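Everything in the sequence shown is counted per my numbering, starting at 208 for the first residue and increasing by one.
What follows is a short report on a single structure.
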Amino acid sequence: QIIEYRKKVNPVISDGIDDDSLFQRQKARRSIVIGGGLILVAATVFAFLSSNELEKQFSSLAQDKEFSIETDVKSGNVVVNDLAENNIDKEVRPNEPGKESDNIDNTTEQDTAEVNIAQNEVNKEEKTKAESDPQKEAREVPNMMKTSPNYPNFRGIGGIGISTKKNIPIDWDGASGKNVIWKTPLPLPGQNSPIIWGDKLFFTGAEEGKQEIYCLNKNTGKLLWTTSVGGSDKVPTPIGETGFAAPTAVTDGNFVYAIFATGDMAAVDMNGKVIWQKDFGLPDNHYGHSSSLMIANGNVIVQWDQRNEQKLMALASHTGDVVWSVDRDVKISWASPIVVNTGSNLEIMTAADPFVISYDAYTGKELWRMECIGGEVGPSLAYANGIVYSVNDYSVLSAVKIGKKPTLLWENDDHLSDIPSPVATDKYLFMATSYGVFICYDAVTGEKYWEYEIGSNIFASPMIVDGRVYVLDVPGIMHIIEPDKELKIISEPSLGEYSGSTPIFTDGRIYLKGIKNIYCIGK
């Protein structure tokens with residue numbers, strides 16, 4: 208919008224002007240006035256219509272589009288402490304929504320050029336800081352499939368039911384001791400799975416008024432230490448299938464982190480010394496807390512979805528302090544979060560009525576959500592090849608293609624799980640139900656290939672390891688199946704003891720928890 212000024216010229220009046228000439232001049236002046244008025248009205252309308260677009264253009268020059276948690280912090284949905292991103296000294300922020308810029312209407316071409324130059328300088332400065340920032344390494348997405356001798360959390364890699372271990376046994380008998388390397392009695396009951404770091408195996412056990420963390424030598428089964436975790440006098444009333452120690456612990460090799468049905472959480476070092484403890488309060492649900500812990504970006508991830516409080520938290524590993532916390536508009540959930548390398552980011556995905564939601568593992572910022580699940584969710588999510596799978600009893604089995612705008616690929620409600628979590632490859636999705644049906648679907652289309660009536664309850668989640676599917680039923684029979692369009696049972700060895708815990712694996716060995724003993728299977 209440019210206003211052009213010209214030098215005023217005084218009119219030259221002739222002495223010989225007749226009436227007709229005066230009339231023609233008055234008529235011309237009237238036309239000029241009317242035409243000028245129309246031009247002024249049109250210019251005003253155009254300026255009004257273009258002001259919003261101008262504001263967007265100038266606002267976009269004043270903000271960094273690449274990465275910012277400022278909006279989330281302002282909204283109050285995310286509480287962030289001690290993040291490396293907060294150390295940036297200079298920050299250019301956009302205008303607040305609903306407020307126009309004070310100087311947009313008066314901005315000239317020279318002003319625009321100055322804004323561009325200033326923004327270029329800010330971009331250069333921030334780029335230099337990012338390149339020299341030692342925390343930039345932490346933003347690189349880790350290789351989740353990297354081979355490791357450890358087994359630090361529930362359901363293997365990222366909690367998705369996949370393990371890269373090799374030479375896994377397919378034949379044993381717990382009753383006769385065939386291929387049983389060792390067997391150790393459980394001090395207290397607990398439906399959680401063991402975890403492994405180095406030569407140490409950890410698990411938890413609890414009953415009303417007593418909560419403990421255990422460490423065994425993974426090679427011999429010898430009990431190395433026991434640590435008691437204190438708690439409040441008020442306790443929930445869990446059902447037998449859940450118990451007081453359903454959540455699986457997690458370790459980063461420095462500490463072991465455990466949480467119990469009571470909402471009591473503790474971190475102990477590798478020798479059992481208590482480093483810190485937290486009390487989240489008595490869980491407000493029917494059975495107590497059962498979501499397992501995970502590690503992401505060096506923080507301990509806690510999914511805490513109760514009737515009166517729903518949030519996802521990242522706790523500092525050495526102190527238990529809250530690094531970030533996200534309030535969630537969901538209902539009660541017993542599902543555990545999964546941690547996924549999507550190729551461009553590290554995401555934490557959760558399931559709770561009515562949403563599957565994904566969060567940035569570094570900041571807690573919500574990335575996307577899909578309304579596709581209902582009820583009090585028990586099973587955790589499955590993930591493979593950019594597709595996340597959710598399921599719950601009296602709801603639906605859903606396949607969602609992830610992204611900024613996630614897409615629902617397919618749904619199925621023939622058989623639904625209320626306890627075991629599904630597991631997927633790029634070709635197949637496997638799902639067990641608590642009433643003993645095991646099903647194989649096409650992972651992309653949802654076509655059902657086969658179903659296997661096992662005939663016994665299943666509480667443990669199926670695992671895919673060494674090119675096979677392992678699913679353990681409650682009587683202790685391990686159903687080992689080839690992943691294929693046709694049902695091909697490889698073997699069905701027996702533990703000889705009832706079990707509801709998901710098995711874990713190291714190269715050449717399986718670790719299984721029964722209701723009385725923990726077993727190491729191998730040759």
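For each residue, glycine too, the CB sits at the ideal point set by N, CA and C.
It should be emphasised that the depicted structure is a prediction, and the values quoted were computed from it without experimental measurement.
{"query": "Give a yes or no on whether the C-beta atoms belonging to F666 and I626 are separated by under 8 Å.", "result": "yes"}
{"query": "Among the residues of its own chain, which have a CB less than 6 Å from the CB of I210, if the five just before and after it don't count?", "result": "Only weak support is given to the placement of I210: the predicted model assigns it a pLDDT of 36, under 50, and the value that follows is read from those uncertain coordinates. Hits under 6 Å: none found."}
{"query": "By a C-beta neighbour count over all protein chains shown, 10 Å radius and 16 as the cutoff for buried, is G593 buried or exposed?", "result": "exposed"}
{"query": "Could you check how far apart the C-beta atoms of V533 and E578 are, in whole angstroms? I think they sit under 8 Å.", "result": "Rounded, the Cβ-Cβ distance is 18 Å, inconsistent with contact."}
{"query": "Under 7 Å: does the beta carbon of G438 sit that close to some heavy atom of the ligand ZN?", "result": "With respect to small molecules bound, the structure shown includes none, and the ligand ZN cannot be examined in it."}
{"query": "Which word fits K695, buried or exposed, when buried means at least 16 other C-beta atoms lie within 10 angstroms of its C-beta?", "result": "exposed"}
{"query": "Restricting to Cα atoms, I'd like to know which of P349, T652, N664 is closest to G643.", "result": "N664"}
{"query": "Hey, how far is the Cα of A591 from the Cα of D440?", "result": "43 Å"}
{"query": "Between which two residues does the beta strand (DSSP E) harbouring A474 extend?", "result": "471-476"}
{"query": "Of all the options S708, S540, V676, which has the alpha carbon lying nearest to the alpha carbon of A456?", "result": "S708"}
{"query": "Tell whether a beta-carbon distance below 8 Å holds between S498 and A542.", "result": "yes"}
{"query": "Only counting the same chain, and skipping five residues up and downstream in sequence, which positions put a Cβ closer than 6 Å to that of N619?", "result": "L604, G653"}
{"query": "With H686 as the anchor, note down where its beta strand (DSSP E) starts and where it stops.", "result": "685-688"}
{"query": "In the DSSP assignment, what residue or residues form a beta bridge with Q517?", "result": "D512"}
{"query": "Roughly how many angstroms separate the alpha carbons of N330 and K538, rounded to a whole number?", "result": "Reliability of the predicted coordinates at N330 is poor, the pLDDT of 46 falling under 50, and no value is obtained from them."}
{"query": "Pull the bridge partners of D380 from the DSSP assignment, please.", "result": "K385, S701"}
{"query": "Given a cut-off of 8 Å on the beta-carbon distance, is the pair S624 and D378 in contact?", "result": "no"}
{"query": "Rank N374, G368, Y705, I367 by C-alpha distance to the C-alpha of I717 and give the top, closest one.", "result": "N374"}
{"query": "Classify P392: buried if its beta carbon has 16 or more other beta carbons within 10 angstroms, exposed otherwise.", "result": "exposed"}
{"query": "Could you please give the first and the last residue of the uninterrupted beta strand (DSSP E) stretch that includes E658?", "result": "655-660"}
{"query": "Touch check for the stretch 426-439 and the stretch 463-477: three-plus C-beta pairs under 8 Å?", "result": "yes"}
{"query": "Rounded to the nearest angstrom, what separates G384 and D714 at their Cα positions?", "result": "20 Å"}
{"query": "Using the C-alpha atoms, what's the distance from G488 back to K720?", "result": "29 Å"}
{"query": "If you follow the beta strand (DSSP E) that W541 is part of, which residue opens it and which one closes it?", "result": "No beta strand (DSSP E) contains W541, which DSSP labels as neither H nor E."}
{"query": "Pick out whichever of A631, S668, S706 has its Cα sitting closest to the Cα of G674.", "result": "A631"}
{"query": "Compute the Euclidean distance between the alpha carbons of Q513 and Y358, then round it to the nearest angstrom.", "result": "29 Å"}
{"query": "What residues in its chain sit with their C-beta under 6 Å from that of I502, if we drop five residues either side in the sequence?", "result": "V457, D459"}
{"query": "Is DSSP giving G412 helix, strand or coil here?", "result": "strand"}
{"query": "Along the chain, where does the beta strand (DSSP E) that runs through K720 open and close?", "result": "716-720"}
{"query": "Here's the rule: buried if 16 or more other CB atoms are within 10 angstroms of the residue's CB, otherwise exposed. What is Y566?", "result": "buried"}
{"query": "Using 8 Å as the threshold, is the C-beta distance between A465 and T411 below it?", "result": "yes"}
{"query": "If I measure Cβ to Cβ from K634 and keep anything under 7 Å in the same chain, skipping five residues before and after, which residues do I get?", "result": "A650"}
{"query": "Under the three-state reduction of DSSP, which class applies to I446: helix, strand or coil?", "result": "coil"}
{"query": "For the beta strand (DSSP E) containing I609, name the first residue and the last one.", "result": "Note, I609: premise wrong, no beta strand (DSSP E); not H, not E."}
{"query": "Going by DSSP in three states, I665 sits in which element: helix, strand or coil?", "result": "coil"}
{"query": "Between which two residues does the beta strand (DSSP E) carrying C727 extend?", "result": "724-728"}
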